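Okay, so here's the structure we're looking at.
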Ligand code: GLV
Ligand code: MN
Ligand code: MN
């Protein structure tokens with residue numbers, strides 16, 4: 016894989032650049048301002064392709080315009096702000112997403128956007144001009160919570176996803192195309208969002224860990240090597256609803272009993288020693304008719320299987336479905352399965368990771384190399400542009416819930432590593448460009 020080939024060692028060019036340190040108070044204020052959009056007692060609800068997501072993009076776009084960047088919105092709804100540089104070298108990019116799961120936290124995605132804004136401020140304040148454009152990207156609709164498939168905005172920039180805009184839909188039946196139109200985007204234009212990889216040199220994303228490794232080891236920064244893939248299914252089970260008192264236990268076709276077997280099959284398969292590291296989750300379950308006194312005749316549920324091993328991810332799905340089919344056959348329940356999202360694991364390029372770890376060392380920040388259990392925009396970006404991910408700790412590892420928390424001081428440390436990494440990437444790339 017070309018992206019994994021280590022370039023020549025960096026030159027001394029980056030050593031002269033002095034950046035100030037990220038300001039936790041500024042970061043906390045930015046996080047708070049974004050959290051007010053869709054945030055409340057029950058957490059943050061800012062779905063992809065919603066008016067609230069657009070509001071957050073407009074807010075951040077305004078900040079970036081005030082910092083002197085040229086801000087635009089692409090056909091997928093991604094906000095892209097460019098800090099120009101003389102010449103026509105491929106750009107460095109940084110950013111993340113601004114949508115959330117329902118009742119989610121205020122840090123997932125937002126930290127990468129706020130960190131990117133703060134990194135631009137640090138460059139500005141130190142009067143550091145990179146030798147290439149720096150683009151801050153707020154990706155649209157990263158969370159698969161609404162449409163099943165994650166990373167819709169970042170997939171669009173690498174040319175994936177334009178063909179199924181009328182097929183993927185949310186729980187209310189709103190298709191992605193309809194949702195995009197509702198917020199003023201033209202889904203038929205999606206191909207225009209595609210990046211020319213020759214125009215991009217590398218991309219870095221700051222993100223919360225959404226796990227416990229950093230906190231448990233007392234380390235404030237993680238540098239990601241692998242990102243898990245995810246296969247998501249919607250499973251519909253159709254049995255026979257009838258009276259809960261009048262119907263004997265034998266001979267029932269209880270769709271919920273079949274679903275219960277699927278839940279347990281998912282757990283059994285993924286706790287098998289051969290599946291160490293695979294995660295399977297049934298996160299949504301609709302039961303109909305939903306009466307105390309009626310046997311459930313219909314269940315719709317989701318299955319989300321995550322793994323860093325691409326084959327094992329798909330084989331796990333096959334094995335859970337095999338057991339599900341067997342349970343359904345035994346119970347006289349029919350099963351329909353629909354694939355609603357599929358993303359392969361990603362191995363992030365070693366050379367980008369090396370630049371980030373060197374940057375962390377240069378500014379005296381201890382780090383660990385960690386693996387991501389969650390999906391990220393950089394995973395899509397990396398299919399066309401070499402990408403790296405920097406993690407900051409999540410309190411108790413909690414994420415996708417209102418309790419999600421990362422201290423602004425930790426976001427600031429991650430931002431310092433991000434900003435320094437951008438400078439060092441610029442120097443590293445310049446060194447390569449000189450010999451090519
Ligand atoms: C995105 O946050 C995901 O991994 O679901
Ligand atoms: Mn995220
Ligand atoms: Mn998320």
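Residue numbers (the numbering used here): 16 to 451.
All residues carry an ideal CB built from backbone N, CA and C; glycine is no exception.
The model shown is predicted, which means the values in this text are computed figures rather than measured ones.
{"Item": "Unbroken stretches of the beta strand (DSSP E), 3 residues or longer, contained in the region 181–264", "Value": "215–223, 236–242, 244–253"}
{"Item": "Paired residues, beta bridge with residue 300 - DSSP", "Value": "316"}
{"Item": "Other residues of its chain near residue 174: CB distance less than 6 angstroms, five sequence neighbours each side excluded", "Value": "209"}
{"Item": "Simplified DSSP assignment, three categories, for residue 268", "Value": "strand"}
{"Item": "Three-pair Cβ contact test at 8 angstroms for the region 248–261 versus the region 347–366", "Value": "yes"}
{"Item": "Three-state secondary structure assigned by DSSP to residue 290", "Value": "helix"}
{"Item": "Residue 170: first and last residue of the uninterrupted alpha helix (DSSP H) it sits in", "Value": "167–172"}
{"Item": "Distance between beta carbons of residue 146 and residue 412, contact taken as under 8 angstroms", "Value": "Not really, about 39 angstroms apart at Cβ, beyond 8 angstroms."}
{"Item": "Residue 347 - containing beta strand (DSSP E), residue span", "Value": "Counting along the chain, residue 347 falls outside any beta strand (DSSP E), and DSSP gives it neither H nor E."}
{"Item": "Rounded straight-line distance, which links the Cα of residue 370 to that of residue 234", "Value": "19 angstroms"}
{"Item": "Nearest-angstrom Cβ-Cβ length linking residue 109 and residue 172, presumed shorter than 8 angstroms", "Value": "About 14 angstroms; that fails the 8 angstroms criterion."}
{"Item": "Rounded separation between residue 96 and residue 107 - CA only", "Value": "12 angstroms"}
{"Item": "From 401, 359, 33, 42, residue whose alpha carbon lies closest to that of residue 423", "Value": "42"}
{"Item": "Nearest-angstrom beta carbon gap, residue 368 and residue 312 [assumed within contact, 8 angstroms]", "Value": "So it is not a contact: roughly 52 angstroms between Cβ atoms."}
{"Item": "Backbone secondary structure at residue 46 - three-state DSSP", "Value": "helix"}
{"Item": "Burial state of residue 281 (16 or more Cβ within 10 Å)", "Value": "buried"}
{"Item": "Nearest residue (CA-CA) to residue 240, options 362, 231, 75", "Value": "362"}
{"Item": "Proximity winner among 82, 236, 60, 441, relative to residue 407 (alpha-carbon distances)", "Value": "236"}
{"Item": "Contact set for residue 140: own chain, Cβ-Cβ below 7 angstroms, skip 5 residues either direction", "Value": "35"}
{"Item": "Residue 355 (DSSP reduced to helix, strand or coil)", "Value": "strand"}
{"Item": "Top-ranked residue by Cα proximity to residue 350, from 206, 337, 376", "Value": "337"}
{"Item": "Residue 389 Cβ short of 7 angstroms to ligand 2 heavy atom set", "Value": "yes"}
{"Item": "Strand pairing of residue 109, partner residues [DSSP]", "Value": "151, 219"}
{"Item": "DSSP state of residue 417 mapped onto helix, strand, coil", "Value": "coil"}
{"Item": "Residues of its chain near residue 277, where Cβ-Cβ distance is below 6 angstroms and the 5 sequence neighbours each way are ignored", "Value": "339"}
{"Item": "Where residue 24 falls: helix, strand or coil (DSSP)", "Value": "No answer about residue 24 holds up, because its pLDDT of 46 lies below 50 and its placement is not dependable."}
{"Item": "CA nearest to the CA of residue 419, picked from 333, 48, 57", "Value": "57"}
{"Item": "Cβ contact check for the region 431–450 and the region 389–397: 3 or more pairs under 8 angstroms", "Value": "no"}
{"Item": "Per-residue DSSP class, three states only, for residue 97", "Value": "strand"}
{"Item": "Straight-line Cα distance separating residue 193 from residue 163", "Value": "16 angstroms"}
{"Item": "Burial state of residue 272 (16 or more Cβ within 10 Å)", "Value": "buried"}
{"Item": "Inter-residue spacing [alpha-carbon to alpha-carbon] between residue 168 and residue 296", "Value": "24 angstroms"}
{"Item": "Span separating the alpha-carbon of residue 299 from that of residue 186", "Value": "11 angstroms"}
{"Item": "Closer than 7 angstroms: residue 334 CB and nearest ligand 2 heavy atom", "Value": "no"}
{"Item": "Sequence-distant residues of its chain with Cβ nearer than 7 angstroms to residue 267 (five each side left out)", "Value": "310"}
{"Item": "Within-8 angstroms CB hit, residue 98 to chain D", "Value": "Given the protein chain composition of this structure (a single chain), no chain D is represented."}
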